[in-house]
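Written below as structure tokens is the structure these notes are about.
2 protein chains.
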Amino acid sequence: MVSAEKPDLRERTRQAVRAQLMAVAWDLFVEQGYDATTVDEIAAAVGMSQRSFFRYFGSKEDVVLVKFEAVGVMLADELARRPVSEDVWTALRRSFDGIVETSERDPRYGLLVLRITDRAPVLRARRLEQQTHWQELLAPLVATRLDPPATDADHDPRPAALAAAALACLNVANAAWLDSDGTESLRRLLDDAMRAVHPGAF
Amino acid sequence: MVSAEKPDLRERTRQAVRAQLMAVAWDLFVEQGYDATTVDEIAAAVGMSQRSFFRYFGSKEDVVLVKFEAVGVMLADELARRPVSEDVWTALRRSFDGIVETSERDPRYGLLVLRITDRAPVLRARRLEQQTHWQELLAPLVATRLDPPATDADHDPRPAALAAAALACLNVANAAWLDSDGTESLRRLLDDAMRAVHPGAF
DNA sequence: CCTAACTTGTCAGTCACTGACAAGCCCATC
DNA sequence: GATGGGCTTGTCAGTGACTGACAAGTTAGG
Chain A
86 MVSAEKPDLR ERTRQAVRAQ LMAVAWDLFV EQGYDATTVD EIAAAVGMSQ
136 RSFFRYFGSK EDVVLVKFEA VGVMLADELA RRPVSEDVWT ALRRSFDGIV
186 ETSERDPRYG LLVLRITDRA PVLRARRLEQ QTHWQELLAP LVATRLDPPA
236 TDADHDPRPA ALAAAALACL NVANAAWLDS DGTESLRRLL DDAMRAVHPG
286 AF
Chain B
86 MVSAEKPDLR ERTRQAVRAQ LMAVAWDLFV EQGYDATTVD EIAAAVGMSQ
136 RSFFRYFGSK EDVVLVKFEA VGVMLADELA RRPVSEDVWT ALRRSFDGIV
186 ETSERDPRYG LLVLRITDRA PVLRARRLEQ QTHWQELLAP LVATRLDPPA
236 TDADHDPRPA ALAAAALACL NVANAAWLDS DGTESLRRLL DDAMRAVHPG
286 AF
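Protein sequences appear in the order of chains A and B.
According to the numbering used here, the first sequence holds residues 86 to 287 in order.
According to the numbering used here, the second sequence holds residues 86 to 287 in order.
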């Protein structure tokens, strides 16, 4: 027996194929645009049939959206790591620091991702939906920091509202940043946005 | 000459056909679900070809989404009507009063709309995107109420952030309301949500 | 070596959507 | 009241995303 240290060889090759598909697809999207790229092309570019592509990704959109799944988890991690002394809004703002820093270290990738998802209406819409998943990850963590703590945890809209509002700010800041083509500082845009919505924090 | 009092007979019949398509489509969606209803069915139900359906609506989704376009305009109207003495957040909250009151007068329609758009992932996503249009309508009105007024109107993220955050609260409240099947008060949910995000207003 | 599990390609079909074309309709003008 | 142009409509053909079914090949484990 090999024990379960490696989560199965099959699973690893599967992930490798997925990664390769993502890479190839991404290149094509950048080159000729999301809409102008067909699934057949992507599949052909890695030498597989269209049918098999759909065995790795549920849809063409998924190839792009998978990139965002990880971000949600990362945000939740960072939020969980914030000191309890910090008020909710500040903690939310700080949990975005990872994104901000990435944007400062190398803006190109972030701008590219935003640009691609912005041009294709389907992706623009789906990205927003994806954020409701982020919101679901963040809300329970927000709940633990509520000023007047929640009594009826399940029906209290406040945690979700705070998470959703913070993400809305992130969106606005991202949009403005993309609009400026990376000229403006994402950090400044985000600070301004979040301070306007919830004055008195950080 | 008939003068331009009636915006053209052709345009009116066109609107009538659109309305009929929307009504028929809506019934089918309610009956058998959005995904399970094909455009062919809708077209057949009003006695026209599929091709003609697409001459009235750009996509199947549009039949549903058109319902939301009007809401955005309504919100902007109500926001514009708020007294200048009111602070931004309160004004935004008040501009949602129309929606709240509708939900209290007859919750069934609102719940139905939310339920349908919630079940079909495509619609869920598109509805969120639609809200960025609302946001674009609201932002300039918000800008006129900024506490420290905007200097560089175009690159100031604050108006968009406030509008987006308020809409995020509306979303969360709507979701919770739908979740409770109309049991909870949308007004209360919305008040709680918006107060949590921006304490000290209304 | 052999079998069961898994992957793959092929094929056929559905559905949303689009361009092109031809036939019919409405209406103003001659 | 015939005629010509504008508008709407159906039909047809085609594309692209996606899915189910099946058969063939590959792989892992006994």
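Even for Gly, the Cβ is constructed at its ideal location relative to N, Cα and C.
Please read all numbers here as calculations on a predicted model, not as lab measurements.
Chain B contact for residue i (CB, 8 Å cutoff)
{"i": "S188/A", "result": "no"}
{"i": "E269/A", "result": "yes"}
{"i": "S88/A", "result": "Here the model assigns S88/A a pLDDT of 35, short of 50, so the residue's position is not dependable and the matter cannot be decided."}
{"i": "H283/A", "result": "yes"}
{"i": "S265/A", "result": "yes"}
{"i": "D150/A", "result": "One point to set straight first is that residue 150/A is Leu, not Asp, in the sequence displayed. Judged by the 8 Å Cβ criterion, L150/A is not in contact with chain B."}
{"i": "A243/A", "result": "Looking at the sequence itself, residue 243/A is Arg, so the reference to Ala does not match. It does: the Cβ of R243/A has a partner Cβ on chain B nearer than 8 Å."}
{"i": "L247/A", "result": "yes"}
{"i": "A261/A", "result": "yes"}
{"i": "R204/A", "result": "no"}
{"i": "A235/A", "result": "no"}
Cβ of residue i within 8 Å of any chain A Cβ
{"i": "H240/B", "result": "yes"}
{"i": "P257/B", "result": "The sequence shown places Val at residue 257/B, rather than the Pro named in the question. Yes, V257/B counts as interfacial toward chain A."}
{"i": "L196/B", "result": "no"}
{"i": "L199/B", "result": "no"}
{"i": "R272/B", "result": "no"}
{"i": "L177/B", "result": "no"}
{"i": "D277/B", "result": "yes"}
{"i": "R99/B", "result": "no"}
{"i": "A250/B", "result": "yes"}
{"i": "R211/B", "result": "yes"}
{"i": "A253/B", "result": "yes"}
Three-state secondary structure (DSSP) of residue i
{"i": "V169/B", "result": "coil"}
{"i": "D276/B", "result": "helix"}
{"i": "P284/B", "result": "coil"}
{"i": "R230/B", "result": "coil"}
{"i": "P242/B", "result": "coil"}
{"i": "A261/A", "result": "helix"}
{"i": "A250/A", "result": "helix"}
Beta-carbon separation (whole angstroms), residue i vs residue j, contact threshold 8 Å
{"i": "D248/A", "j": "V227/A", "result": "The sequence shown places Ala at residue 248/A, rather than the Asp named in the question. Sure, about 5 Å apart at Cβ, within 8 Å."}
{"i": "E146/B", "j": "V207/B", "result": "6 Å"}
{"i": "L222/B", "j": "V158/B", "result": "7 Å"}
{"i": "T187/A", "j": "G195/A", "result": "6 Å"}
{"i": "V151/A", "j": "L275/A", "result": "No, V151/A and L275/A are not in contact; Cβ-Cβ is about 24 Å, not under 8 Å."}
{"i": "S243/A", "j": "A278/B", "result": "The amino acid at residue 243/A is misidentified as Ser; the sequence shows Arg. So it is a contact: roughly 6 Å between Cβ atoms."}
{"i": "V115/A", "j": "Y141/A", "result": "With 8 Å as the limit, V115/A and Y141/A do not qualify as a contact, their Cβ atoms being about 20 Å apart."}
{"i": "A224/A", "j": "V282/B", "result": "Not really, about 13 Å apart at Cβ, beyond 8 Å."}
{"i": "A176/B", "j": "R190/B", "result": "In fact, because the Cβ distance is near 23 Å, the residues do not count as touching under 8 Å."}
{"i": "G183/B", "j": "E163/B", "result": "6 Å"}
{"i": "L199/A", "j": "N259/A", "result": "6 Å"}
{"i": "V173/B", "j": "R230/B", "result": "5 Å"}
{"i": "G118/A", "j": "R204/A", "result": "7 Å"}
{"i": "L94/A", "j": "I127/A", "result": "About 25 Å; that fails the 8 Å criterion."}
{"i": "E96/A", "j": "R209/B", "result": "Between R209/B and E96/A the Cβ distance is about 30 Å, and since that is not below 8 Å, they are no contact."}
{"i": "A121/B", "j": "H240/A", "result": "Incorrect: roughly 31 Å between the Cβ atoms, too far for contact."}
Problem set entry | Secondary structure, alpha helix (DSSP H): runs of 4+ residues fully inside the segment 173-227 of chain B | 173-180, 182-190 and 192-204
Problem set entry | Contacting positions in the segment 156-173 of chain B - beta carbon closer than 7 Å to chain A | none
For this session: Would you list, in sequence order, the uninterrupted alpha helix (DSSP H) runs of no fewer than 4 residues that lie entirely inside the segment 95-164 of chain A?
Result: 124-130 and 135-141
Exercise. For the segment 214-229 of chain A, which residues have a CB atom closer than 7 Å to at least one CB atom of chain B, in sequence order?
Worked result: E214
Problem set entry | chain A contacts from the segment 115-131 of chain B (Cβ-Cβ distance under 9 Å) | none
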